[in-house]
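What follows is a set of notes on a single structure, which appears directly below.
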Amino acid sequence: MNVVRTVRRLPKIARNLARDLRYGKPLGGTMRTRYAHLGAHDVGNADYDDLAILFGEAGVLPDDVIVDVGAGKGRSINWLLAHHPENRIVGIELDPDVCADTAKRLRRYDHVTIRCGDATTMLPPDGTLFYLFNPFDETVMLRFRDALVATRAGAASRTRIVYYNVKALNVFEEDPRFVVRMIDDPRLTLPSAIVDLQAK
Ligand SMILES: C[S@@+](CC[C@H](N)C(=O)[O-])C[C@H]1O[C@@H](n2cnc3c(N)ncnc32)[C@H](O)[C@@H]1O
Numbered sequence: 002m003n004v005v006r007t008v009r010r011l012p013k014i015a016r017n018l019a020r021d022l023r024y025g026k027p028l029g030g031t032m033r034t035r036y037a038h039l040g041a042h043d044v045g046n047a048d049y050d051d052l053a054i055l056f057g058e059a060g061v062l063p064d065d066v067i068v069d070v071g072a073g074k075g076r077s078i079n080w081l082l083a084h085h086p087e088n089r090i091v092g093i094e095l096d097p098d099v100c101a102d103t104a105k106r107l108r109r110y111d112h113v114t115i116r117c118g119d120a121t122t123m124l125p126p127d128g129t130l131f132y133l134f135n136p137f138d139e140t141v142m143l144r145f146r147d148a149l150v151a152t153r154a155g156a157a158s159r160t161r162i163v164y165y166n167v168k169a170l171n172v173f174e175e176d177p178r179f180v181v182r183m184i185d186d187p188r189l190t191l192p193s194a195i196v197d198l199q200a201k
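Everything in the sequence shown is counted per the working numbering, starting at 2 for the first residue and increasing by one.
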């Protein structure tokens with residue numbers, strides 16, 4: 002472990018912890034995934050300050066249905082509850098234990114639904130703003146992309162993706178149905194993009 006780096010990050014860790022506690026319990030720390038064979042990445046947590054930048058760039062609309070694809074322990078949903086309390090939120094998480102914990106912690110919020118399973122098979126058709134924090138590898142991302150296009154075919158409202166830590170961005174860059182805009186904000190700790198699905 003890099004002690005200097007950890008010490009430097011302590012104020013941020015403390016701020017994130019305080020914000021977690023408003024929604025029930027500390028969420029910090031990364032859990033190794035048990036589903037790497039399914040292309041899943043580890044169960045980590047977004048940084049609250051990054052979320053403000055990401056969703057600020059996306060421009061959340063009052064009627065957006067926000068889908069957290071790979072909701073993990075639900076820290077991003079905490080942030081959404083604090084800043085966009087009127088929007089409907091759907092979190093989808095592959096790991097059944099993590100999913101059950103998150104669903105239990107957030108059960109009192111009527112407009113939050115947590116679904117357990119592979120997000121590529123259960124995207125809500127009325128979802129408009131899809132948030133991904135590097136949840137899976139390129140193979141699964143290709144599946145997600147095609148599922149999204151199929152689910153949103155003919156939808157009247159816009160479809161966009163907030164992609165945080167863009168490890169498989171080529172999936173969208175190489176596809177003419179999508180327009181990719183990198184977020185150019187030096188405060189952001191991980192490379193991120195807004196991806197728009199073009200209307201037909
Ligand atoms: C980095 S964590 C995201 C944490 C959370 N969204 C946040 O921003 O704080 C990525 C999550 O994606 C989940 N995941 C991986 N593949 C998935 C899939 N096919 N369907 C749903 N969730 C998946 C992982 O289990 C992991 O919990």
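Every residue gets a Cβ at the ideal spot worked out from N, C-alpha and C, and that includes glycine.
Margin query: Considering only their Cβ atoms, is the gap separating Val-181 from Tyr-132 smaller than 8 Å?
Written below: no
Next item on the list: Quick one: which unbroken alpha helix (DSSP H) runs of 4-plus residues sit fully inside the segment 97-127? Chain order, please.
Entry: 97-106
Check: CB-CB under 8 Å to Asp-43, same chain, minus the five flanking residues each way: which ones, in chain order?
Finding: Thr-31, Met-32, Arg-33 and Thr-34
Check: Which of the three DSSP states, helix, strand or coil, is assigned to Gly-92?
Finding: strand
Notebook entry, point to check: When the Cα atoms are used, what is the spatial distance from Leu-189 to Arg-109?
Noted result: 31 Å
Next item on the list: Name, in chain order, the residues that DSSP records as bridge partners for Thr-160.
Entry: Leu-198
Check: How about Cys-100 and Ile-78: do their beta carbons lie closer than 8 Å?
Finding: no
Item checked: Cβ-heavy atom distance, His-42 to ligand 1, below 7 Å -> yes
Checklist line | Per-residue DSSP class, three states only, for Asp-69 | finding: strand
Notebook entry, point to check: Apart from the five residues just before and just after Arg-106, which ones in its own chain have a Cβ nearer than 6 Å to its Cβ?
Noted result: Gly-25
Next item on the list: Look at Leu-198 and Leu-143 and say whether their C-beta atoms are less than 8 Å apart.
Entry: no
Item checked: Given 8 Å, three or more beta-carbon pairs between the segment 85-100 and the segment 118-129 -> yes
Checklist line | For Tyr-49, the three-state DSSP class (helix, strand or coil) | finding: helix
Notebook entry, point to check: Going straight from the alpha carbon of Leu-124 to that of Val-113, what length do you get?
Noted result: 15 Å
Note to self: Could you tell me the alpha carbon to alpha carbon distance between Arg-23 and Asn-17, rounded to whole angstroms?
What the structure shows: 10 Å
Margin query: Measuring alpha carbon to alpha carbon, tell me which residue in Glu-87, His-84, Asp-48 and Glu-58 is nearest Lys-74.
Written below: Asp-48
Next item on the list: Report yes if the C-beta of Ser-193 is less than 7 Å from at least one heavy atom of ligand 1; otherwise report no.
Entry: no
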